[in-house]
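Colleague:
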Amino acid sequence: MPTALTSDAITGERVLTFEDGIPGFEASRRFVLVELAEDSVFQLLQSLDEPGVALVVTVPWLFFPDYAPELSEMERRALGIECPEDAIVFCAVTLDAEHETIYLNLLAPFVVHAGTRRGRQVILTDSDYPVRAPVRMVAV
Amino acid sequence: MLVLSRKQGESIIIGNDIVVTVLEVRPDHIRLGIDAPRSISVHREEVYLEVMRENAAAVATADRDAPVLRRTPPARRERGAGASEEGSRPDLGP
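Protein chains in written order, with my numbering: chain A, 1 to 140; chain B, 1001 to 1094.
1) Considering residue 1061(B), what are the terminal residues of the alpha helix (DSSP H) in which it resides?
2) Just to confirm before moving on: does the CB-CB distance between residue 106(A) and residue 64(A) stay below 8 Å?
3) Since residue 56(A) and residue 44(A) are thought to touch, with beta carbons under 8 Å apart, how far apart are those beta carbons, to the nearest angstrom?
4) Just to confirm the assignment, what range does the beta strand (DSSP E) spanning residue 1032(B) have?
5) Starting from residue 45(A), follow the beta strand (DSSP E) in both directions and report where the run begins and ends.
6) Can you give the Cα-Cα distance for residue 72(A) and residue 1008(B), rounded to whole angstroms?
7) Out of 1071(B), 1037(B) and 1053(B), which has the shortest C-alpha to C-alpha gap to residue 1017(B)?
8) Where residue 94(A) and residue 104(A) are concerned, what is the direct C-alpha to C-alpha distance, given to the nearest angstrom?
9) Using only CA atoms, which one of 116(A), 35(A) and 92(A) lies nearest to residue 1053(B)?
10) What separation, rounded to the nearest whole angstrom, lies between the Cα atoms of residue 1020(B) and residue 78(A)?
11) Counting only beta-carbon atoms, is residue 1043(B) nearer than 8 Å to chain A?
12) So what's residue 96(A) in DSSP terms, helix, strand or just coil?
13) I'd like to know if residue 1065(B) contacts chain A, where contact means its C-beta is closer than 8 Å to some C-beta of that chain.
14) In whole angstroms, what is the alpha-carbon distance linking residue 1061(B) and residue 53(A)?
15) On the criterion of 16 or more Cβ atoms from any shown chain inside 10 Å, does residue 113(A) qualify as buried, or is it exposed?
16) Do you know how far the Cα of residue 125(A) is from the Cα of residue 1005(B)?
17) For residue 1024(B), decide whether its Cβ has a neighbour in chain A, counting only Cβ atoms nearer than 8 Å.
18) Is it true that the CB of residue 133(A) sits closer than 8 Å to the CB of residue 121(A)?
19) Closer than 7 Å by beta-carbon distance: list the chain A residues that pair up with residue 1050(B), in chain order.
20) Compute the Euclidean distance between the alpha carbons of residue 1044(B) and residue 1034(B), then round it to the nearest angstrom.
21) Listed in chain order, which residues of the region 12-33 of chain A have Cβ atoms closer than 9 Å to some Cβ of chain B?
22) Kindly indicate the opening and closing residues of the alpha helix (DSSP H) around residue 107(A).
23) Strictly under 8 Å for the Cβ-Cβ distance: is residue 1046(B) near chain A by that measure?
The following block contains the structure:
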């Protein structure tokens, strides 16, 4: 399953612009996506404005195939997204190493326009998706 | 903090283009209608704070746990299992 996130189209040198910053890091407007490791399912959303700010992110459908975020008309217009192919979507990841669980923020996905590279962290309105959706880690 | 009294159906204007209207008043809650430019995002405060905390936690995960994530893949689903290329896009609604 090729994903937009792991293709060269989005990782590497391409700068993503979040004009409003993201909640908690409002000063960070420009980001790049960096692979965490070769063939990793995780990437780092690295801020160019605040070097200490990098979030672990992943493609939500790798873990939640039925995930179906609905963008409001307002969000679609703000990002200029007219069809599903315009949108690249990824979610923040946290780790509870002790309990061998990662958590995906399904309530507030990052949505980036594939063409303009402008993005927002969209807080889904009236959605039941959790901010911490658990996924068990594989024991090694 | 500025404090204003408003009745049901009355509004306040913030700046030039944000209008907050009291739609309904009940003993334990009120309903507000908010008209704002689409560049302004409006959220329930507790939800916004929760997203802030999770973003900070995702930064802490990158700082502290990147080595764990590099070597320990989570239980990734089989390729193509229920997630078509079509499914890797958001449902943009009607």
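Backbone N, C-alpha and C fix where the C-beta goes; we use that ideal spot for every residue, glycine too.
Modeller: Judging by the given coordinates:
1) 1045-1071
2) yes
3) 6 Å
4) 1030-1035
5) 42-47
6) 27 Å
7) 1037(B)
8) 7 Å
9) 92(A)
10) 21 Å
11) yes
12) strand
13) yes
14) 11 Å
15) buried
16) 28 Å
17) no
18) no
19) 131
20) 12 Å
21) 19, 20, 22, 23, 24 and 25
22) Unbroken run through residue 107(A): none, as it is neither H nor E.
23) no
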